[in-house]
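Encoded as C-alpha coordinates, the structure appears first; notes follow it.
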Amino acid sequence: MIGILFILCLTMITAKPLIVAHRGASAYEKENTLKAFDKAIELDATFVEFDVISFEKKLIVSHNKEESHLNLDQTLKHLSNKTKIIIDLKRKGYEEETLTLTKKYFNQEDMIITSQFTSSLKKIKEINPKIKTGLVLNKVNPQNILLWTSLGSFP
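Using the working numbering, you'd call the opening residue of the sequence shown number 75 and step up by one each time.
Written out as C-alpha coordinates, the structure reads:
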(Lines of atoms letter the chains of each structure in order from A and count residues from 1; the text may use other names and numbers.)
(Lines give C-alpha, C1' and ligand atoms only; values in the text may rest on other atoms or scores of the structure.)
Protein backbone atom coordinates (compact mmCIF):
# COMPACT_ATOMS: atom_id res chain seq x y z
CA MET A 1 0.00 0.00 0.00
CA ILE A 2 2.79 2.44 0.87
CA GLY A 3 4.48 1.75 -2.48
CA ILE A 4 1.28 2.55 -4.34
CA LEU A 5 0.82 5.76 -2.35
CA PHE A 6 4.42 6.73 -3.09
CA ILE A 7 3.96 6.20 -6.82
CA LEU A 8 0.71 8.18 -6.78
CA CYS A 9 2.44 11.09 -5.02
CA LEU A 10 5.27 11.04 -7.54
CA THR A 11 2.80 10.90 -10.44
CA MET A 12 1.03 13.99 -9.14
CA ILE A 13 4.15 16.13 -9.62
CA THR A 14 5.24 14.87 -13.01
CA ALA A 15 3.81 14.84 -16.51
CA LYS A 16 3.90 11.06 -16.76
CA PRO A 17 3.73 8.19 -14.29
CA LEU A 18 6.99 7.23 -12.65
CA ILE A 19 7.86 3.58 -12.27
CA VAL A 20 9.68 2.70 -9.05
CA ALA A 21 11.33 -0.73 -9.08
CA HIS A 22 11.03 -1.67 -5.40
CA ARG A 23 14.26 -3.51 -4.49
CA GLY A 24 14.85 -3.77 -8.23
CA ALA A 25 12.64 -5.88 -10.48
CA SER A 26 11.99 -8.19 -7.55
CA ALA A 27 9.17 -10.01 -9.35
CA TYR A 28 11.77 -11.26 -11.84
CA GLU A 29 15.01 -11.58 -9.87
CA LYS A 30 16.05 -11.89 -6.22
CA GLU A 31 15.47 -8.50 -4.59
CA ASN A 32 18.30 -6.09 -3.82
CA THR A 33 20.68 -7.73 -6.31
CA LEU A 34 22.49 -6.38 -9.35
CA LYS A 35 20.42 -8.75 -11.52
CA ALA A 36 17.19 -7.27 -10.12
CA PHE A 37 18.50 -3.73 -10.70
CA ASP A 38 19.59 -4.52 -14.25
CA LYS A 39 16.20 -6.08 -15.00
CA ALA A 40 14.47 -2.94 -13.67
CA ILE A 41 16.58 -0.79 -16.00
CA GLU A 42 15.79 -3.13 -18.89
CA LEU A 43 12.07 -2.69 -18.08
CA ASP A 44 12.49 1.13 -18.16
CA ALA A 45 11.88 1.79 -14.48
CA THR A 46 12.23 5.49 -13.67
CA PHE A 47 13.83 4.75 -10.30
CA VAL A 48 15.58 1.73 -8.86
CA GLU A 49 14.84 1.57 -5.13
CA PHE A 50 16.96 -0.41 -2.70
CA ASP A 51 17.53 -0.80 1.02
CA VAL A 52 20.74 0.10 2.82
CA ILE A 53 21.89 -1.11 6.22
CA SER A 54 25.16 -1.02 8.11
CA PHE A 55 26.54 -4.51 8.74
CA GLU A 56 29.95 -5.25 10.24
CA LYS A 57 30.91 -1.57 9.80
CA LYS A 58 30.14 -1.65 6.06
CA LEU A 59 27.21 -0.20 4.13
CA ILE A 60 25.43 -2.95 2.28
CA VAL A 61 22.38 -3.18 0.05
CA SER A 62 20.03 -5.41 1.97
CA HIS A 63 16.62 -5.32 3.63
CA ASN A 64 18.04 -7.31 6.52
CA LYS A 65 21.42 -8.83 7.25
CA GLU A 66 20.26 -12.32 6.21
CA GLU A 67 20.07 -11.31 2.53
CA SER A 68 22.99 -11.11 0.14
CA HIS A 69 25.58 -8.59 1.21
CA LEU A 70 25.97 -6.39 -1.83
CA ASN A 71 28.36 -3.52 -1.13
CA LEU A 72 26.76 -0.04 -1.45
CA ASP A 73 29.79 1.45 -3.23
CA GLN A 74 29.78 -1.40 -5.77
CA THR A 75 26.04 -0.99 -6.30
CA LEU A 76 26.21 2.77 -6.83
CA LYS A 77 29.10 2.40 -9.26
CA HIS A 78 27.14 -0.27 -11.18
CA LEU A 79 24.00 1.88 -11.43
CA SER A 80 25.77 5.17 -12.16
CA ASN A 81 24.68 6.81 -15.44
CA LYS A 82 22.04 4.10 -15.98
CA THR A 83 19.11 5.10 -13.77
CA LYS A 84 17.83 7.29 -10.96
CA ILE A 85 17.85 5.81 -7.48
CA ILE A 86 15.87 5.77 -4.27
CA ILE A 87 17.87 4.68 -1.24
CA ASP A 88 15.84 3.52 1.75
CA LEU A 89 17.82 3.79 4.99
CA LYS A 90 16.60 0.90 7.13
CA ARG A 91 18.37 2.04 10.30
CA LYS A 92 19.78 5.21 11.85
CA GLY A 93 23.36 6.39 12.08
CA TYR A 94 24.95 6.12 8.63
CA GLU A 95 23.32 9.05 6.84
CA GLU A 96 26.53 11.04 6.27
CA GLU A 97 28.48 8.02 5.01
CA THR A 98 25.63 7.18 2.61
CA LEU A 99 25.58 10.71 1.17
CA THR A 100 29.38 10.74 0.81
CA LEU A 101 29.24 7.56 -1.26
CA THR A 102 26.24 8.57 -3.38
CA LYS A 103 27.73 11.90 -4.43
CA LYS A 104 30.69 10.02 -5.95
CA TYR A 105 28.35 8.47 -8.53
CA PHE A 106 25.07 10.41 -8.64
CA ASN A 107 23.89 14.00 -8.97
CA GLN A 108 21.46 15.01 -6.25
CA GLU A 109 18.75 15.45 -8.91
CA ASP A 110 18.95 11.74 -9.70
CA MET A 111 18.32 10.39 -6.22
CA ILE A 112 15.88 10.35 -3.35
CA ILE A 113 16.70 9.21 0.18
CA THR A 114 13.87 7.62 2.15
CA SER A 115 13.58 6.32 5.70
CA GLN A 116 11.00 5.51 8.32
CA PHE A 117 13.08 7.58 10.77
CA THR A 118 12.40 11.31 10.73
CA SER A 119 15.71 11.84 12.58
CA SER A 120 17.58 10.28 9.62
CA LEU A 121 15.75 12.52 7.14
CA LYS A 122 16.46 15.56 9.29
CA LYS A 123 20.17 14.63 9.34
CA ILE A 124 20.16 14.25 5.52
CA LYS A 125 18.59 17.72 5.16
CA GLU A 126 21.14 19.22 7.58
CA ILE A 127 23.97 17.82 5.45
CA ASN A 128 22.39 18.82 2.13
CA PRO A 129 19.05 20.67 2.12
CA LYS A 130 18.64 20.10 -1.63
CA ILE A 131 18.53 16.30 -1.43
CA LYS A 132 15.03 14.97 -2.06
CA THR A 133 13.78 12.85 0.81
CA GLY A 134 10.73 10.76 1.54
CA LEU A 135 9.21 9.45 4.74
CA VAL A 136 8.25 5.78 4.75
CA LEU A 137 5.09 5.51 6.83
CA ASN A 138 5.08 2.20 8.63
CA LYS A 139 2.83 3.68 11.28
CA VAL A 140 0.59 6.58 10.45
CA ASN A 141 1.63 9.21 12.95
CA PRO A 142 0.46 12.78 12.28
CA GLN A 143 3.50 14.16 14.13
CA ASN A 144 5.84 12.35 11.72
CA ILE A 145 4.00 13.79 8.72
CA LEU A 146 4.12 17.32 10.17
CA LEU A 147 7.83 17.00 10.93
CA TRP A 148 8.57 15.63 7.46
CA THR A 149 6.74 18.47 5.69
CA SER A 150 8.48 21.04 7.92
CA LEU A 151 11.84 19.76 6.66
CA GLY A 152 10.98 20.86 3.14
CA SER A 153 11.22 17.28 1.99
CA PHE A 154 10.16 15.66 -1.24
CA PRO A 155 8.15 16.65 -3.12
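We treat Cβ as the ideally placed atom computed from N, Cα and C, and that holds for glycine.
Only a predicted model underlies this, so the values are computations on that prediction, with no experimental measurement involved.
*Based on the DSSP output, what are the partners of ASP162 in its beta bridges?*
ASP125, THR188
*Could you have a look at VAL210 and say whether DSSP puts it in helix, strand or coil?*
DSSP places VAL210 in coil when its eight states are reduced to three.
*Going by DSSP, name the residue or residues bridged to ILE134.*
In DSSP, ILE134 forms a bridge with ILE127, ASN145.
*asked:* Please state whether the Cβ-Cβ distance between LEU195 and LEU175 is less than 8 angstroms.
replied: no
_Simplified DSSP assignment, three categories, for ASP112_ = helix
*Residues near ALA119 in its chain [Cβ-Cβ closer than 6 angstroms; skip 5 each side]*: ILE93, ALA95
_At the level of alpha carbons, what is the spacing between VAL122 and GLN182?_
15 angstroms
*Residue closest to THR157, alpha-carbon to alpha-carbon, out of LYS164, LYS90, ILE134, PHE124*: PHE124
*asked:* Within a Cβ cutoff of 6 angstroms, which residues of the same chain sit near LEU173, ignoring the five residues on either side of it in sequence?
replied: Counting only Cβ-Cβ distances below 6 angstroms, and skipping sequence neighbours, we find ILE201.
*When the distance is taken between beta carbons, is ILE186 closer than 8 angstroms to LYS206?*
yes
_Quick check: does the Cβ of ASP125 come within less than 7 angstroms of any heavy atom belonging to the ligand MN?_
As for the ligand MN, it is missing from this structure, which has no ligand bound.
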